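**Student:**
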Amino acid sequence: MVKLTVLYDNTALTPSLLASHGFSCLVEGKENILFDTGESGPLLFKNMELLGIDPGTISSVVISHEHYDHIGGLWHFLCSYPWVTVYILPSFSEATRARIRESGAKCIEVQAPRRLTSSVVTTGEVEGSVREQGLLIEGEEGVLLLCGCCHPGVDAFLERARSWGKRISGFLGGLHLAFAQEEDIDKTLEAMKAEGVGKVAPAHCTGFFATERIRSLWAEGYVPCGVGMTLLWGEEGKGRINR
Numbered sequence: 001m002v003k004l005t006v007l008y009d010n011t012a013l014t015p016s017l018l019a020s021h022g023f024s025c026l027v028e029g030k031e032n033i034l035f036d037t038g039e040s041g042p043l044l045f046k047n048m049e050l051l052g053i054d055p056g057t058i059s060s061v062v063i064s065h066e067h068y069d070h071i072g073g074l075w076h077f078l079c080s081y082p083w084v085t086v087y088i089l090p091s092f093s094e095a096t097r098a099r100i101r102e103s104g105a106k107c108i109e110v111q112a113p114r115r116l117t118s119s120v121v122t123t124g125e126v127e128g129s130v131r132e133q134g135l136l137i138e139g140e141e142g143v144l145l146l147c148g149c150c151h152p153g154v155d156a157f158l159e160r161a162r163s164w165g166k167r168i169s170g171f172l173g174g175l176h177l178a179f180a181q182e183e184d185i186d187k188t189l190e191a192m193k194a195e196g197v198g199k200v201a202p203a204h205c206t207g208f209f210a211t212e213r214i215r216s217l218w219a220e221g222y223v224p225c226g227v228g229m230t231l232l233w234g235e236e237g238k239g240r241i242n243r
C-alpha cells in the first residue's frame, strides 16, 4: 500500500496548515519519495512538521518540471538532506544539474519510464509546451497518475501510461486548466472519463471552474484536495481518503 500526502498546494484543508502557490506530495511506501517541493522550502518544512512527517525518511526527490513553484523548495531541502537521489529530466538547465550535484545529492536524468520502487514508476519525459514527468502509482485498484501541472496535457500522460502497458484509474495533481477555455476543459475531462479514471483529486493549477466541473462529473469519485489530504492506494488502501 502507498500513502500519498499533499504537502504544498494552493489550498489547505485546515486553517492550521499553510497554503501557497505550488505543489508537493509525499509518496510513502517501501521507500519514501518526495514529488516536487513547492516554491518555498521553509513553508514545505513547516507543513511537514505540522503533519508529523520526518523529512529524514525521504530517500529520493522527483521534480516534475523546472518551474519555480515545483522546484523552489528543493534547495532548502538539500541543505539539510543532501544524501537523497534527485530525479530530473534531460531538458532541465545545466545550472540546476550543477546545483544539485554541488549539494552532494545524486542527480539522475530520466528520459524514458523508469521503475523507482516495486509500486512507483516515473513516466519519464513527456513532451509538450513544457516537458514534464509524473509518477504512476500501482495498486490492485489500478494505476494512479500523480502530476505536477500536466503542461503537455493529460492525454499525453494517458498515452505514455498506455505505451507502458498501464491504464489510469486515479488522478492526483494539477491539470493546468485555471485559464483554459471551457471547450478545452471539457476535452480534457472527456479524455479522463473515456480512459476510465474513476477518482480525481484536482490540485494546484486546475482552477476553480475545472474543479467544479470535476466535482459535478465525478460525484463520489471527486476528492477535495489541498495541503493535508492523504490518499491510500493499493492493497488494503483501495483508494481510501483520509483527512
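FYI, the numbering for the sequence shown is 1 to 243, going by UniProt numbering.
Every residue gets a Cβ at the ideal spot worked out from N, C-alpha and C, and that includes glycine.
Owing to the predicted nature of the structure, the values given are computational and were not obtained by experimental measurement.
1) Using three-state DSSP, classify E141 as helix, strand or coil.
2) For D36, does the count of other Cβ atoms within 10 angstroms reach 16, so buried, or fall short, so exposed?
3) Return helix, strand or coil for I33, following the three-state DSSP convention.
4) Would you mind listing the alpha helix (DSSP H) stretches within the region 83–120 that are 4+ residues and don't spill past its ends, in chain order?
5) When the distance is taken between beta carbons, is A95 closer than 8 Å to L78?
6) Taking its Cβ as the centre, do 16 or more other Cβ atoms sit within 10 Å of A161, making it buried, or is it exposed?
7) Taking 8 Å as the threshold (C-beta atoms), are N32 and Y8 in contact?
8) Would a C-beta distance cut-off of 8 Å place F23 and G134 closer than the cut-off?
9) Measuring alpha carbon to alpha carbon, tell me which residue in L18, C150, L50, V27 is nearest T230.
10) Of all the options L18, S16, G29, N10, which has the alpha carbon lying nearest to the alpha carbon of M1?
11) Measuring only the C-alpha atoms, how far is R213 from C147?
12) Buried or exposed, going by whether 16 or more other CB atoms sit within 10 Å of the CB of G142?
13) Any chance the region 153–171 sits against the region 191–201, with 3 or more Cβ pairs inside 8 Å?
14) Shortest alpha-carbon distance to F209 belongs to which of S93, A191, A219, D186?
15) Rounded to whole angstroms, what's the CA-CA distance from L189 to A156? Just pull it up for me.
16) Roughly how many angstroms lie between the CA atoms of G165 and L43, to the nearest whole one?
17) Note down the Cα distance separating F92 from I63, rounded to an integer number of angstroms.
18) In chain order, what residues of the same chain lie with their CB nearer than 7 Å to the CB of S40, ignoring the 5 residues before and after it?
19) CA-CA distance, R101 and S80?
**Tutor:** A quick look at the data gives this:
1) Residue mapping note: residue 141 aligns to position 141 of the sequence shown, counting from 1. Reduced to three states, the DSSP call for E141 is coil.
2) Locating residue 36 in the sequence shown gives position 36, counting from the first residue. So D36 ends up on the buried side.
3) Mapped onto the sequence shown, residue 33 falls at position 33. Note: I33 maps to strand in three-state DSSP.
4) 94–103
5) Indexing the sequence shown from 1 puts residue 78 at position 78. Indexing the sequence shown from 1 puts residue 95 at position 95. Against a cut-off of 8 Å, the Cβ pair of A95 and L78 comes out as no contact.
6) Within the sequence shown, residue 161 is the residue found at index 161, counting from 1. Classification for A161: buried.
7) Locating residue 8 in the sequence shown gives position 8, where the first residue counts as 1. Locating residue 32 in the sequence shown gives position 32, where the first residue counts as 1. Going by C-beta atoms, Y8 is not nearer than 8 Å to N32.
8) Translated into positions along the sequence shown, residue 23 becomes position 23. Translated into positions along the sequence shown, residue 134 becomes position 134. No; because the gap between Cβ atoms is not below 8 Å, this pair is not in contact.
9) Counted from its first residue, the sequence shown places residue 230 at position 230. Closest by alpha carbon: V27.
10) Along the sequence shown, one-based indexing puts residue 1 at 1. Residue G29 is the option with its Cα nearest to M1.
11) Working through the sequence shown from its first residue, we reach residue 213 at position 213. Working through the sequence shown from its first residue, we reach residue 147 at position 147. R213 and C147: Cα-Cα distance of roughly 19 Å.
12) If you number the sequence shown from 1, residue 142 lands on position 142. Buried is the call here.
13) yes
14) In the sequence shown, counting from the first residue as 1, residue 209 sits at position 209. Checked all of S93, A191, A219, D186; the closest Cα to F209 is D186.
15) Translated into positions along the sequence shown, residue 189 becomes position 189. Translated into positions along the sequence shown, residue 156 becomes position 156. Answer to the nearest angstrom: the Cα atoms are 13 Å apart.
16) If you number the sequence shown from 1, residue 165 lands on position 165. If you number the sequence shown from 1, residue 43 lands on position 43. Cα to Cα, G165 sits roughly 38 Å from L43.
17) Within the sequence shown, the letter at position 92 stands for residue 92. Within the sequence shown, the letter at position 63 stands for residue 63. If I take the Cα positions, the gap works out to 10 Å.
18) Locating residue 40 in the sequence shown gives position 40, where the first residue counts as 1. Taken in chain order, the residues that qualify are S20, G72, G73.
19) Counting from one through the sequence shown, the residue named residue 101 turns up at place 101. Counting from one through the sequence shown, the residue named residue 80 turns up at place 80. When rounded, the distance between both Cα atoms is 14 Å.
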